[in-house]
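Have a look at the structure below before the remarks.
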Amino acid sequence: MTASHVGAALLIAVLAFAFGVPLLHPADPVAQSLMQSLAPPSAENWLGHDHLGRSMTARLASALRLSLGLAAATLVTTAIIGVALGTLASWRGGWIDRGLTLLADSVVALPALLVVLIAGIILPNQPLAFWAGLSATLWIEIFRLTRATIRARLAAPAVAAARLLGFGPLYIFRVHLWPELAPVLRATFALTFAAVVMGIAALGFVSVGMRAPTPELGLMMVELLPYWREAPWALAQPVAATLITLLALTLVAGETRA
1 MTASHVGAAL LIAVLAFAFG VPLLHPADPV AQSLMQSLAP PSAENWLGHD HLGRSMTARL
61 ASALRLSLGL AAATLVTTAI IGVALGTLAS WRGGWIDRGL TLLADSVVAL PALLVVLIAG
121 IILPNQPLAF WAGLSATLWI EIFRLTRATI RARLAAPAVA AARLLGFGPL YIFRVHLWPE
181 LAPVLRATFA LTFAAVVMGI AALGFVSVGM RAPTPELGLM MVELLPYWRE APWALAQPVA
241 ATLITLLALT LVAGETRA
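Taking full-length UniProt numbering, I'd label the letters of the sequence shown as residues 1 to 258.
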């Protein structure tokens with residue numbers, strides 16, 4: 001079994017937990033029951049309860065769905081922007097290429113988390129802020145890889161022949177360019193996905209991300225940190241969920257890049 005297979009298996013397990021729990025354990029992730037405060041895992045509640053008596057099972061699954069959903073939305077957006085602009089820059093060249101390259105160089109100078117923080121101030125406690133801020137900064141690597149790969153591929157005899165025969169840009173991209181581009185971008189897609197998950201958790205951990213009582217991995221760590229002596233198992237859950245997700249994506253990306 002290769003590293004990518006291990007990563008894929010871990011990712012499938014994370015997805016199964018995140019989306020399977022609402023079917024098997026349909027508890028409200030924000031409902032409080034102080035009588036159950038820091039109650040350990042049991043047959044009724046597999047992962048126990050937090051300091052406010054909320055179901056850790058429901059909250060962890062909800063937090064994973066939030067992080068994975070935002071990461072997927074951000075990845076789709078950055079992939080579309082990066083591939084489209086990278087293809088345009090390499091295909092047209094000239095002032096369009098120079099202008100888009102300058103734009104990319106300007107954006108990359110901005111810290112991604114700072115942009116997300118500003119978006120969070122404008123749209124407080126809104127997942128849209130994470131999506132907008134991260135999408136505005138994480139397309140650069142995809143743009144650069146697309147531009148470099150397609151620029152080299154455009155010089156190939158097959159592409160030159162297709163252009164001379166009058167085939168349109170969409171046909172050339174689908175038949176000649178995308179098969180060369182997809183393997184190059186696959187690892188970048190996985191790492192971008194991981195960067196979004198880590199960024200959301202980091203912002204939540206420093207209390208500038210989602211606000212309580214929204215279940216979010218970083219915010220859950222902050223809420224449970226004062227109780228690490230009484231209930232270390234509770235704090236370990238969002239930490240482990242974050243690490244396993246990042247490990248799975250890193251393994252998939254590393255094997256693909258190799």
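Note that the Cβ used here is the ideal one computed from N, Cα and C, for glycine as well.
As the structure is a computational prediction, the values presented were derived from the model and not from experiment.
8 Å Cβ shell around residue i - same chain, five flanking residues per side excluded
i: residue 35; result: 53
i: residue 246; result: 194, 197, 198
i: residue 158; result: 176
For residue i, the nearest candidate out of the options (CA to CA)
i: residue 70; options: 46, 219, 194, 40; result: 194
i: residue 141; options: 192, 230, 32; result: 192
i: residue 37; options: 250, 231, 65; result: 231
i: residue 248; options: 157, 6, 2; result: 6
i: residue 33; options: 42, 23, 55; result: 55
i: residue 93; options: 65, 154, 39; result: 154
i: residue 186; options: 17, 40, 250, 41; result: 250
i: residue 65; options: 51, 40, 29; result: 29
Test item: CB-CB of residue i and residue j under 8 Å
i: residue 136; j: residue 108; result: no
i: residue 200; j: residue 67; result: yes
i: residue 100; j: residue 88; result: yes
i: residue 259; j: residue 48; result: The requested residue 259 is not part of the displayed model; the chain covers only 1 to 258.
i: residue 252; j: residue 4; result: yes
i: residue 63; j: residue 238; result: yes
i: residue 181; j: residue 146; result: yes
i: residue 27; j: residue 58; result: yes
i: residue 113; j: residue 202; result: yes
i: residue 21; j: residue 117; result: no
i: residue 204; j: residue 224; result: no
i: residue 23; j: residue 189; result: no
Distance, residue j Cα to residue i Cα
i: residue 46; j: residue 206; result: 28 Å
i: residue 211; j: residue 19; result: 22 Å
i: residue 120; j: residue 216; result: 15 Å
i: residue 273; j: residue 15; result: Since the first and last residues shown for the chain are 1 and 258, residue 273 lies out of range.
i: residue 77; j: residue 96; result: 21 Å
i: residue 12; j: residue 166; result: 44 Å
i: residue 2; j: residue 226; result: 39 Å
i: residue 102; j: residue 221; result: 39 Å
i: residue 122; j: residue 43; result: 43 Å
i: residue 106; j: residue 31; result: 45 Å
i: residue 254; j: residue 17; result: 24 Å
i: residue 40; j: residue 124; result: 33 Å
i: residue 156; j: residue 170; result: 17 Å
Residue i beta carbon near the ligand HEM (any heavy atom closer than 7 Å)
i: residue 6; result: For the ligand HEM, the structure offers nothing, since it holds no ligand at all.
Own chain residues within Cβ distance below 6 Å of residue i, not counting five before or after
i: residue 143; result: 82, 85, 86, 104
i: residue 90; result: 147, 150, 151
Close-in-space but distant-in-sequence residues of the same chain around residue i (CB under 7 Å, 5 per side omitted)
i: residue 139; result: 78, 81, 82
i: residue 132; result: 119
i: residue 228; result: 235
Evaluate the contact criterion for the region 147-155 versus the region 124-133: three or more CB pairs, one atom per stretch, below 8 Å. Fewer than three beta-carbon pairs drawn from the region 147-155 and the region 124-133 are found closer than 8 Å, and the two stretches are therefore not classed as touching.
With three or more beta-carbon pairs closer than 8 Å as the criterion, would you say the region 156-164 touches the region 174-184? Taking one beta carbon from each stretch, the region 156-164 and the region 174-184 have 3 or more pairs nearer than 8 Å; the two touch.
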